[in-house]
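For reference, the structure discussed in these notes is given below.
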Amino acid sequence: PVYLGSGDFNNDGYDDFAVANSYTASSMSVLLNNGDGTYSDPHTYGISQTGYEIEVEDFNNDGNDDFAVRGNSMYMVSHGKGDGTFYPSINYSTPSGRFEAGTHGDFNGDGAIDLAYPSSGAITVVSNDNADVQNLAGAVTFVVDTPATTTSGSVLPMTITAVDEAGNRVPEFRGVVYISSSDPAASTASGYSFNPLDAGIPYVFTDADAGSHAFTGSIRLVTAGFQTVTVSAPNMTAASSAVEVTGQVAHLGVSAPTEVSAGQTFDVTVSAIDTLGGVAPGYTSTVHFATNDVIAGLPADYTFTPEDAGSHTFTVTLKTAGQRFVGVTEAGGTIAGGTNVNVTPLEATSLSLGSGAGAIGVARPITIVARDVYGNQASGYQGAVRLSSSDPDAVYPSDVALVNGVATFDVTFFTVGVHTLTAVDVLDPSIQGSVLSDATPPIPSTFAISGPTDATAGESISISVTVRDTIGQVASGYTGAVFFSSSDVQAGLPASYTFTAADAGTHTFTVTLKTAGLQSVAARDAISGLSGSISGLNVQAAAFVGYSLSVPNGADSKGHMVVTAGDVISLTVRATDAYDNTVLDYAGKAQFTSTDPLADIPRDYSFASSDAGSHTFSVALKTSTPNSVVSSFSVVDSSDPTSQRTITNFEVTNAAAARFVLDVPSNVTVDTAFDLRISILDAYGNRVKNFFGTLHFDSTAAILGLPSEYTFTADDAGDHRFAVSIATEGKST
Numbered sequence: 164p165v166y167l168g169s170g171d172f173n174n175d176g177y178d179d180f181a182v183a184n185s186y187t188a189s190s191m192s193v194l195l196n197n198g199d200g201t202y203s204d205p206h207t208y209g210i211s212q213t214g215y216e217i218e219v220e221d222f223n224n225d226g227n228d229d230f231a232v233r234g235n236s237m238y239m240v241s242h243g244k245g246d247g248t249f250y251p252s253i254n255y256s257t258p259s260g261r262f263e264a265g266t267h268g269d270f271n272g273d274g275a276i277d278l279a280y281p282s283s284g285a286i287t288v289v290s291n292d293n294a295d296v297q298n299l300a301g302a303v304t305f306v307v308d309t310p311a312t313t314t315s316g317s318v319l320p321m322t323i324t325a326v327d328e329a330g331n332r333v334p335e336f337r338g339v340v341y342i343s344s345s346d347p348a349a350s351t352a353s354g355y356s357f358n359p360l361d362a363g364i365p366y367v368f369t370d371a372d373a374g375s376h377a378f379t380g381s382i383r384l385v386t387a388g389f390q391t392v393t394v395s396a397p398n399m400t401a402a403s404s405a406v407e408v409t410g411q412v413a414h415l416g417v418s419a420p421t422e423v424s425a426g427q428t429f430d431v432t433v434s435a436i437d438t439l440g441g442v443a444p445g446y447t448s449t450v451h452f453a454t455n456d457v458i459a460g461l462p463a464d465y466t467f468t469p470e471d472a473g474s475h476t477f478t479v480t481l482k483t484a485g486q487r488f489v490g491v492t493e494a495g496g497t498i499a500g501g502t503n504v505n506v507t508p509l510e511a512t513s514l515s516l517g518s519g520a521g522a523i524g525v526a527r528p529i530t531i532v533a534r535d536v537y538g539n540q541a542s543g544y545q546g547a548v549r550l551s552s553s554d555p556d557a558v559y560p561s562d563v564a565l566v567n568g569v570a571t572f573d574v575t576f577f578t579v580g581v582h583t584l585t586a587v588d589v590l591d592p593s594i595q596g597s598v599l600s601d602a603t604p605p606i607p608s609t610f611a612i613s614g615p616t617d618a619t620a621g622e623s624i625s626i627s628v629t630v631r632d633t634i635g636q637v638a639s640g641y642t643g644a645v646f647f648s649s650s651d652v653q654a655g656l657p658a659s660y661t662f663t664a665a666d667a668g669t670h671t672f673t674v675t676l677k678t679a680g681l682q683s684v685a686a687r688d689a690i691s692g693l694s695g696s697i698s699g700l701n702v703q704a705a706a707f708v709g710y711s712l713s714v715p716n717g718a719d720s721k722g723h724m725v726v727t728a729g730d731v732i733s734l735t736v737r738a739t740d741a742y743d744n745t746v747l748d749y750a751g752k753a754q755f756t757s758t759d760p761l762a763d764i765p766r767d768y769s770f771a772s773s774d775a776g777s778h779t780f781s782v783a784l785k786t787s788t789p790n791s792v793v794s795s796f797s798v799v800d801s802s803d804p805t806s807q808r809t810i811t812n813f814e815v816t817n818a819a820a821a822r823f824v825l826d827v828p829s830n831v832t833v834d835t836a837f838d839l840r841i842s843i844l845d846a847y848g849n850r851v852k853n854f855f856g857t858l859h860f861d862s863t864a865a866i867l868g869l870p871s872e873y874t875f876t877a878d879d880a881g882d883h884r885f886a887v888s889i890a891t892e893g894k895s896t
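Residues in the sequence shown are numbered from 164 upward in steps of one, following the numbering used here.
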């Protein structure tokens with residue numbers, strides 16, 4: 164606690180405490196004395212500023228102790244009701260003071276308690292105007308006028324009139340009144356929640372009230388059933404009004420036409436819908452309209468009256484075409500609703516043209532839009548417009564047809580300056596529009612590249628790069644950097660080059676193209692985006708240097724081309740230059756060799772003009788290759804030994820079994836065992852390692868130990884030995 168004050172707040176003869184809670188909290192607390200040395204739990208009241216000190220005294224002469232809390236720049240005075248509870252504080256602005264304690268007393272002898280406190284270099288005295296009773300002006304109570312019913316959660320309209328003993332309004336009443344309710348869930352429109360120990364919401368009557376004030380959003384009643392709203396004031400008799408609280412409003416229903424024309428005024432009906440889906444007739448809150456149409460005409464905020472019975476019709480004018488949302492929210496609340504309305508544009512009344520600035524000689528897109536009186540695109544407009552320009556050299560179409568109210572075309576200005584481009588409806592000159600467009604001096608826009616039309620692979624050629632501006636002139640002041648590329652991946656291109664003033668917009672470069680056919684060379688400025696190219700450069704092959712050999716066979720994981728002995732292989736022989744281009748006019752003689760002595764290879768072949776440098780031959784390999792050994796073909800020009808080229812990595816497997824070879828000694832001894840070796844061979848003498856056939860044996864002699872049949876296995880690999888002996892002398896098979 165920051166400060167402690169004491170007084171008998173509930174008139175029970177015991178001193179109670181009033182405490183300023185802390186230097187950071189905007190609150191103070193009251194602790195009532197139980198009379199036995201103990202105190203009740205504190206009741207905390209909100210105050211506008213942090214309290215520095217508390218003075219306790221009867222400031223309004225009603226016989227009840229009050230307290231005054233001094234803050235940084237105000238005194239916050241709460242009048243006691245004599246039962247230990249207080250009316251909400253009334254704030255009085257004062258100069259800033261110091262933290263030291265102040266005091267109170269009747270300093271001017273008028274019978275009212277004043278306040279004093281230390282300030283910077285002085286003492287500040289706050290005089291009590293002693294006007295609490297005078298402000299009543301003879302009023303003794305109030306008349307509280309409210310609707311008989313209200314909807315749960317809606318604001319309650321209420322009129323409070325100060326009256327004298329005869330029931331007459333007292334126009335001179337300037338007192339403070341406090342509004343409270345029996346509804347424990349009641350709150351104010353601004354979110355204030357009632358405390359059962361508070362007197363309620365304070366209001367000080369003014370000259371303009373003349374004794375009667377109408378409140379439109381002072382209180383919300385929430386709890387269903389009959390509730391009372393009470394108005395009280397010091398030295399006056401409290402007055403109440405009974406109100407029946409009906410079902411709570413869940414949302415605002417908003418009904419409107421689904422489609423209207425721009426500028427058309429239409430009705431919007433807003434209804435307060437309760438949780439059961441019905442209209443809540445007691446709704447009396449204020450609603451606010453909003454929309455995503457920034458030029459719409461919307462109703463002002465409106466407070467529902469009992470006569471509305473929960474539903475009211477308004478007029479709205481939407482002007483912006485498209486799907487628009489009309490929303491309604493309760494002022495200060497969370498209840499809302501809305502609906503979508505499709506707004507269609509009106510007929511065209513004007514044309515709008517959009518354009519940016521740019522250099523002369525550059526076509527710039529112009530978008531023209533037909534618009535109605537509200538600026539919407541007149542989508543129904545299908546007319547044609549005639550164009551004109553203040554630039555006599557400008558290039559643009561004479562007439563442009565709009566589709567659904569819009570069209571885009573190009574205009575090219577050729578005179579430097581700001582020009583006007585005007586569009587006028589060809590049938591209705593009142594429909595027109597124009598735009599100002601800035602045409603700036605020409606700027607570099609492209610690279611023009613020139614050079615020969617024919618070239619030989621590997622021979623250098625010269626190309627000239629000229630920088631042209633937007634109107635086709637040489638951009639002699641260009642000093643950008645140019646980078647080269649080509650469709651020929653083997654090309655020898657210039658390094659990047661930065662133009663100098665001495666180039667005057669033109670520079671010659673050397674290029675070497677190496678891939679035969681039609682090629683192109685391109686230049687580009689990576690910074691400005693300028694580019695240009697020369698295409699159709701016909702590159703001829705250079706002189707013959709050798710052959711390129713190829714076959715259609717695929718390779719395995721080891722890179723070997725696996726073929727079967729004797730199978731035909733299509734070998735394509737292509738005469739090439741040093742860059743692997745086909746020499747189309749090659750007429751030399753090709754000679755063939757192979758590492759396989761049994762290979763089928765062509766005889767010497769003289770290329771004809773019809774070959775166009777490439778011919779396919781049929782070849783075959785016949786000798787199977789052992790592991791890691793491969794066969795190859797070689798081709799050489801008969802007049803140039805250096806032209807020899809080889810294709811290798813052929814792995815040859817045996818062909819199908821064609822014959823048996825039996826290997827036995829020419830002389831053997833009767834009844835003595837000897838080896839009989841049987842090999843399975845293909846047509847080319849290769850052992851058939853994948854033979855799995857069954858052999859049947861027969862002999863003209865009495866052979867011992869010879870099987871009648873034998874089936875070859877993978878382990879045999881086409882070769883097997885048998886142990887046999889002959890029982891009779893003589894020649895046997």
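Cβ coordinates follow ideal geometry from the N, Cα and C atoms, glycine included.
Predicted model only: the values in this text are computed from it and were never measured.
Residues bridged to residue i [DSSP beta-bridge criterion]
i: Ser-769; result: Lys-752
i: Gln-545; result: Answer is none; Gln-545 lacks a bridge partner.
i: Pro-281; result: Ile-286
i: Leu-858; result: Tyr-873
i: Asp-573; result: Pro-528
i: Tyr-921; result: Since the first and last residues shown for the chain are 164 and 896, residue 921 lies out of range.
i: Ala-402; result: Val-394
i: Ser-107; result: Residue 107 is absent from the structure shown; the chain starts at 164 and stops at 896.
i: Pro-657; result: Answer is none; Pro-657 lacks a bridge partner.
i: Ser-424; result: Thr-507
i: Asp-407; result: Per the sequence presented here, residue 407 reads as Glu, with Asp not at that position. Glu-407 pairs with Thr-312, Phe-389.
i: Ile-276; result: DSSP output for Ile-276 lists no bridge partner at all.
i: Thr-739; result: Gly-709, Thr-745
Integer Cβ distance of residue i from residue j, believed to fall under 8 Å
i: Gly-104; j: Arg-383; result: Residue 104 lies beyond the stretch modelled for the chain, which goes from 164 to 896, so this question has no answer here.
i: His-376; j: Phe-389; result: At roughly 25 Å, the Cβ-Cβ gap does not stay under 8 Å, so His-376 and Phe-389 are not in contact.
i: Gly-856; j: Phe-875; result: 6 Å
i: Val-598; j: Leu-516; result: 4 Å
i: Tyr-768; j: Arg-737; result: So it is not a contact: roughly 13 Å between Cβ atoms.
i: Ala-771; j: Asp-740; result: That belief does not hold up - the Cβ atoms of Ala-771 and Asp-740 are roughly 19 Å apart, past 8 Å.
i: Leu-565; j: Gln-545; result: 7 Å
Member of the options whose CA lies at the smallest distance from the CA of residue i
i: Ile-810; options: Asn-853, Ser-757, Leu-839; result: Ser-757
i: Ser-806; options: Ala-279, Ser-345, Leu-712, Val-815; result: Leu-712
i: Asp-763; options: Leu-784, Phe-452, Gly-247; result: Leu-784
i: Ala-183; options: Gln-411, Ile-217, Ser-613; result: Ile-217
i: Ala-679; options: Tyr-537, Tyr-341, Val-702, His-206; result: Val-702
i: Ala-654; options: Thr-619, Asn-331, Ile-342; result: Thr-619
i: Gly-198; options: Asp-204, Gly-176, Ser-256, Leu-590; result: Gly-176
i: Phe-230; options: Asp-748, Pro-592, Asp-246, Ser-252; result: Ser-252
i: Ala-836; options: Pro-205, Asp-556, Ala-890; result: Ala-890
i: Gly-568; options: Asp-535, Gly-699, Gly-268; result: Asp-535
i: Asp-273; options: Thr-248, Gly-247, Asn-224; result: Asn-224
i: Leu-439; options: Ala-877, Ile-531, Val-412; result: Val-412
i: Ala-526; options: Pro-760, Phe-577, Asn-790, Ser-185; result: Phe-577
i: Lys-677; options: Phe-336, Ile-624, Ala-689; result: Ile-624
Short CB-CB distance (under 9 Å) between residue i and chain B
i: Thr-805; result: In the structure shown, chain B cannot be found, because there is only a single protein chain.
Problem - Inside the segment 783-810 only - beta strand (DSSP E) runs reaching at least 3 residues - result: Restricting attention to beta strand (DSSP E) runs no shorter than 3 residues, the segment 783-810 encloses them at 794-800, ordered along the chain.
Exercise for the section: Taking only runs that begin and end inside the segment 309-397, name each unbroken beta strand (DSSP E) of 3 or more residues, in chain order. Expected result: Within the segment 309-397, the complete beta strand (DSSP E) runs of at least 3 residues are 312-314, 321-326, 339-344, 364-367, 375-378, 388-395.
Practice task
Specify whether the segment 465-475 and the segment 439-452 touch according to this definition: at least 3 beta carbon pairs, one from each stretch, less than 8 Å apart.
Solution key: Contact holds: three or more Cβ-Cβ distances are below 8 Å.
Handout entry: Segment contact flag, the segment 815-830 with the segment 846-858, C-beta cutoff 8 Å, min 3 pairs
Key = Counting Cβ pairs under 8 Å, three or more are found: they touch.
Practice task
Assess, as a yes-or-no matter, whether the segment 615-634 is touched by the segment 537-556 under the definition of 3 or more beta carbon pairs within less than 8 Å.
Solution key: Contact annotation: the segment 537-556 does not touch the segment 615-634, with fewer than three C-beta pairs closer than 8 Å.
Handout entry: Sufficient close CB pairs (3 or more, under 8 Å) joining the segment 677-692 to the segment 640-651
Key = Enough Cβ pairs lie closer than 8 Å, so yes.
Problem - the segment 594-606 in contact with the segment 503-522 per 3-pair CB rule at 8 Å - result: Between the segment 594-606 and the segment 503-522, the count of C-beta pairs closer than 8 Å reaches three or more; the two stretches touch.
Practice task
Report yes or no: do three or more beta-carbon pairs, one from the segment 395-406 and one from the segment 329-342, lie closer than 8 Å?
Solution key: Counting Cβ pairs under 8 Å, three or more are found: they touch.
Problem - Whole runs of the beta strand (DSSP E) within the segment 175-207, excluding any shorter than 3 residues - result: Within the segment 175-207, the complete beta strand (DSSP E) runs of at least 3 residues are 179-183, 190-194.
Practice task
Note down, one range per segment and in chain order, each beta strand (DSSP E) of at least 3 residues found wholly within the segment 668-717.
Solution key: Listed in chain order, the beta strand (DSSP E) runs fully inside the segment 668-717 are 669-675, 680-687, 694-703, 709-713, counting runs of at least 3 residues.
Problem - In chain order, each beta strand (DSSP E) run of at least 3 residues that lies wholly inside the segment 205-270 - result: Counting only runs that start and end inside the segment 205-270, the beta strand (DSSP E) elements of at least 3 residues fall at 206-209, 216-220, 229-233, 237-241, 253-256, 266-268.
Exercise for the section: Determine contact between the segment 203-219 and the segment 164-173, defined as no fewer than three beta-carbon pairs at a distance below 8 Å. Expected result: Because the criterion of three Cβ pairs below 8 Å is met, the segment 203-219 and the segment 164-173 touch.
Handout entry: Three CB pairs or more closer than 8 Å across the segment 660-672 and the segment 712-721
Key = Short answer: they don't touch.
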